[in-house]
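Enquirer: Take the position in the sequence shown, starting the count at 1, then add 177; the result is the number in this note's numbering.
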Amino acid sequence: MNARMLPYSMQLVALSAFFGRCASPTNEQKALLKRWFWSSSFAGWFGSGNPARVRRLVDEFRDKLSKKSSPTALEFMEINQPALPIPLRFDLRSARVRALVCLLLSRGPQRPNGEPIPLEEAARILFERGPESMTTLCATVIDRDLRRSPANRIFDVQPEVSGQAKNWILGLEPMLRNPVLISHGIDPDSYALLESGENDKFLQQRVAYLSSIEREFMQQVNVTPPLSEQPAPAPIDTDDIDSFGEDVSSVG
Numbered sequence: 178m179n180a181r182m183l184p185y186s187m188q189l190v191a192l193s194a195f196f197g198r199c200a201s202p203t204n205e206q207k208a209l210l211k212r213w214f215w216s217s218s219f220a221g222w223f224g225s226g227n228p229a230r231v232r233r234l235v236d237e238f239r240d241k242l243s244k245k246s247s248p249t250a251l252e253f254m255e256i257n258q259p260a261l262p263i264p265l266r267f268d269l270r271s272a273r274v275r276a277l278v279c280l281l282l283s284r285g286p287q288r289p290n291g292e293p294i295p296l297e298e299a300a301r302i303l304f305e306r307g308p309e310s311m312t313t314l315c316a317t318v319i320d321r322d323l324r325r326s327p328a329n330r331i332f333d334v335q336p337e338v339s340g341q342a343k344n345w346i347l348g349l350e351p352m353l354r355n356p357v358l359i360s361h362g363i364d365p366d367s368y369a370l371l372e373s374g375e376n377d378k379f380l381q382q383r384v385a386y387l388s389s390i391e392r393e394f395m396q397q398v399n400v401t402p403p404l405s406e407q408p409a410p411a412p413i414d415t416d417d418i419d420s421f422g423e424d425v426s427s428v429g
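Laid out in structure tokens, this is it:
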């Protein structure tokens, strides 16, 4: 994953501080670092705008965590804090949105022919094309929130073909359909809604499906899930905000 696609660039600073003092971490240290990364990403921890708090955490990574062979907690971050709810709107300036996108890319999105896109290639495309790399799934959506939702975005596996991604999805070969849909975070059971033109209902189901994917992943990495299952506005809080401009096509 390109470092610029980290939810927060300060995560790289903290990791650099740790690995500068500990080149060969123990399994316990690796586990805590992994938990910290996803917890801080999903909970929006670095978006507080408090440089002193971030500085204390970086110092802890360098001076304390690097020396503890079996760490279980952090002094300057509550690692059990609940994640923010699934984002209401797609905007790559939000670290919470980036965390969701990183999770989706890690699933290995497939091209219509079933060929998976390597994570490194997907990350490069996302970095180079920004919001345009996550193309619109359904062009016609009545509900404004659903129209602007991450559920109405899908990794652009056919950049040479214009138009909504719904078109190529409906043209998938039956034998390939389910694996391709699952690789993009789409529940195969919702395909009939897309086929019948019930775009809003389809996107409602995808919101719920993406939320379930997130919660399953959070359980795997020991991150506290959101307190609410309802989508909510995500903070515009990335610390490299010039990397991606707002996707004006989603405004309306």
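Virtual Cβ for every residue (Gly too), placed ideally from N, Cα, C.
Throw me the rounded Cβ distance for the P262 and S405 pair, which I believe falls under 8 angstroms.
Expert: 5 angstroms between Cβ atoms; contact.
Enquirer: Nearest to F441 by CA position, among D236, V357 and A260, is which residue?
Expert: A question about residue 441 goes unanswered here, because the residues of the chain that appear run from 178 up to 429.
Enquirer: Hey, E184 and R275: beta-carbon distance below 7 angstroms or not?
Expert: Going by the sequence as given, residue 184 is Pro instead of Glu. Cβ atoms of P184 and R275: closer than 7 angstroms.
Enquirer: Thinking C-alpha only, which one of I256, D322 and G221 is nearest L380?
Expert: The shortest Cα separation from L380 among I256, D322 and G221 belongs to D322.
Enquirer: Look at the alpha carbon of S426 and the alpha carbon of K244, and state the distance between them as a whole number of angstroms.
Expert: Confidence is the limiting factor: at S426 the pLDDT is only 38, short of 50, which leaves the residue's position unreliable, though a coordinate-based value still follows. Approximately 48 angstroms, taken between the alpha carbons.
Enquirer: Starting from M352, trace the alpha helix (DSSP H) in both directions and tell me its first and last residue.
Expert: Element bounds for M352: P351 to S360.
Enquirer: Residues in the same chain with beta-carbon distance under 7 angstroms from G221, minus the five sequence neighbours each way, listed in chain order, please.
Expert: Counting only Cβ-Cβ distances below 7 angstroms, and skipping sequence neighbours, we find L261, A272, R273, P412 and D414.
Enquirer: Are the stretch 352–363 and the stretch 382–393 touching, with three or more C-beta to C-beta distances below 8 angstroms?
Expert: Judged by Cβ distances under 8 angstroms, the stretch 352–363 makes contact with the stretch 382–393, as three or more pairs qualify.
Enquirer: Sorted by chain position, which residues of the same chain lie with C-beta nearer than 6 angstroms to Q287's C-beta, five sequence neighbours on each side aside?
Expert: Closer than 6 angstroms at Cβ, skipping near neighbours: P293, V357 and S360.
Enquirer: Can you tell me where the alpha helix (DSSP H) holding R275 begins and where it ends?
Expert: Segment A272 to L282, the alpha helix (DSSP H) holding R275.
Enquirer: Determine the direct distance from the alpha carbon of F332 to that of Q258, and round the result to whole angstroms.
Expert: Using only the alpha carbons, I get a separation of about 30 angstroms.
Enquirer: Could you please give me the residues that DSSP links to F332 through a beta bridge?
Expert: Looking at the DSSP assignment, F332 forms a beta bridge with M311.
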